[in-house]
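Structural data, given as structure tokens:
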């Protein structure tokens with residue numbers, strides 16, 4: 001696949017996949033900086049018996065989106081277990097928050113409400129630090145409130161239960 005491709009086109013490719021959704025452990029070191037990410041993912045699917053034949057972009061995209069959402073859900077579950085605190089809402093920021101499908105899949109996989117935030121969250125963090133420097137009396141809550149006024153957000157509610165898929169992902 002070459003050139004720029006938008007979220008809708010990627011989602012359409014992922015929709016082409018039929019059958020059991022292939023999954024891969026997104027935090028495995030083999031996926032940190034491969035020469036060709038799509039080849040690394042495809043080879044993992046083939047090696048683990050989840051795919052065969054020529055590389056198929058629909059299968060790769062479907063597996064990628066599901067694996068990312070399930071990874072998020074797994075980490076959320078771990079954090080709740082470690083902290084002893086359950087949360088109803090997860091805030092998703094950065095580039096991935098632009099993909100409505102990934103946000104909904106994350107809400108389903110985590111069993112949580114997902115609220116998207118700033119697409120440029122690093123810049124917002126820098127701005128917040130500068131606000132604190134120039135206005136030291138501002139609290140973190142006040143800074144968040146100020147920054148949040150200019151941020152468009154979308155809320156995704158939990159839909160279908162992804163409990164079995166999460167268990168399958170956690171066994172990878």
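In UniProt numbering, the protein residues as written are 1 to 172. A virtual CB, placed ideally from N, CA and C, is assigned to each residue, including glycine.
**OP:** Check each candidate in 74, 61, 25 and name the one with the smallest Cα separation from residue 163.
**Re:** 74
**OP:** May I have a chain-ordered list of the alpha helix (DSSP H) segments no shorter than 4 residues that lie completely inside the region 116-167?
**Re:** 121-134, 140-148
Original post:
Rounded C-beta distance between residue 6 and residue 41? I'm assuming under 8 angstroms.
Top reply: 20 angstroms between Cβ atoms; not a contact.
**OP:** Give a yes or no on contact between the region 140-152 and the region 122-132, applying the rule of three or more CB pairs nearer than 8 angstroms.
**Re:** yes
Original post:
DSSP state of residue 75, grouped into three classes?
Top reply: helix
**OP:** Confirm, please, whether the CB-CB distance from residue 13 to residue 61 is below 8 angstroms.
**Re:** Yes, the Cβ-Cβ distance between residue 61 and residue 13 is below 8 angstroms.
**OP:** Flag this pair as yes or no: are the beta carbons of residue 51 and residue 22 separated by less than 8 angstroms?
**Re:** yes
**OP:** Quick one: using the 10 Å Cβ neighbour count with 16 as the cut-off for buried, is residue 157 buried or exposed?
**Re:** Taking all protein chains shown into account, residue 157 has fewer than 16 neighbouring C-beta atoms within 10 Å of its C-beta and is therefore exposed.
**OP:** Look at the alpha carbon of residue 109 and the alpha carbon of residue 148, and state the distance between them as a whole number of angstroms.
**Re:** 26 angstroms
Original post:
Starting from residue 21 and walking both ways along the beta strand (DSSP E), at which residues does that stretch end?
Top reply: Careful: residue 21 lies outside any beta strand (DSSP E) and carries neither H nor E.
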